[in-house]
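A.B. asks: According to the working numbering, the residues represented by the sequence shown are 4 to 54, in order. Positions of the beta carbon are idealized from the N, C-alpha and C atoms, including for glycine.
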Amino acid sequence: MYSDDELRFLRAVDAYKAKNRVKFPTAVDLLRVAVSIGYRLPDETSLVGGV
4 MYSDDELRFL RAVDAYKAKN RVKFPTAVDL LRVAVSIGYR LPDETSLVGG
54 V
């Protein structure tokens, strides 16, 4: 079973593929999709162990 966030991402990827007529999006394409639905990298202070 997928979480709500995972389903949202998968649907966004499907929409991207349909809009851009690509069968296999690149890693950069997937990052763009993630950013377009609101994903942001955490700041360094919030990472476990400061890594």
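Val36: which of Ala18, Tyr5 and Asp7 sits nearest, CA to CA?
C.D. replies: That would be Ala18, whose Cα lies nearest to the Cα of Val36.
A.B. asks: Report the rounded CA-to-CA distance for Lys20 versus Tyr42, giving the unit in angstroms.
C.D. replies: Between Lys20 and Tyr42, the C-alpha separation is close to 19 Å.
A.B. asks: From which residue to which residue does the alpha helix (DSSP H) around Glu47 run?
C.D. replies: Run containing Glu47: none; DSSP gives neither H nor E here.
A.B. asks: Ignore the nearest five residues each way along the sequence and tell me which others in Leu13's own chain have a CB closer than 8 Å to its CB.
C.D. replies: Tyr5.
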